[in-house]
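So the sequence shown is numbered by our numbering: it starts at 1 and just counts up by one.
Don't be surprised by glycine CBs; every beta carbon is placed ideally from N, CA and C.
Written below as structure tokens is the structure these notes are about.
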Amino acid sequence: MSIFDDEPTKRAKTHEIGQDLSLLSIGELNERIGTLKAEIKRLQTTIDAKGETKSAAEALFRRS
Numbered sequence: 001m002s003i004f005d006d007e008p009t010k011r012a013k014t015h016e017i018g019q020d021l022s023l024l025s026i027g028e029l030n031e032r033i034g035t036l037k038a039e040i041k042r043l044q045t046t047i048d049a050k051g052e053t054k055s056a057a058e059a060l061f062r063r064s
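Here it is, written out as structure tokens:
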């Protein structure tokens, strides 16, 4: 038994910007598109939340 057995395995990146796509199947490309769309949605949700927080803070300071 190795001392490294308890270490978690690293997940392979599902996509790397600029990666050679020529060896990927259509299914793999569609999967990556889905992953990237989900990430874009997550990023947009975070941007929207930060915008709401900023607007609320600006409104609070305008009242004073």
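(Q) In this structure, how does DSSP classify E16 when only helix, strand and coil are distinguished? (A) Translated into positions along the sequence shown, residue 16 becomes position 16. Here E16 carries a coil assignment [DSSP, helix/strand/coil].
_Taking only three categories from DSSP, how would you classify E28?_
For the purposes of this step, residue 28 is taken as residue 28 along the sequence shown, with counting starting at 1. DSSP places E28 in the helix class (H, G or I) of the three-state scheme.
* Asked: With distances taken between CB atoms, is the gap from H15 to R32 smaller than 9 Å?
  -> Locating residue 15 in the sequence shown gives position 15, where the first residue counts as 1. Locating residue 32 in the sequence shown gives position 32, where the first residue counts as 1. Contact: yes.
> When DSSP labels each residue in this structure, what does L23 get in the three-state scheme?
Replying inline: To locate residue 23, count along the sequence shown from 1; it is residue 23. When secondary structure is reduced to three states using DSSP, L23 falls in the coil class, being assigned neither helix nor strand.
Tell me which same chain residues have a C-beta within less than 7 Å of the C-beta of T35, skipping the five on either side of it?
Numbered from its first residue, the sequence shown carries residue 35 at position 35. The answer, listed in chain order, is T14, H15.
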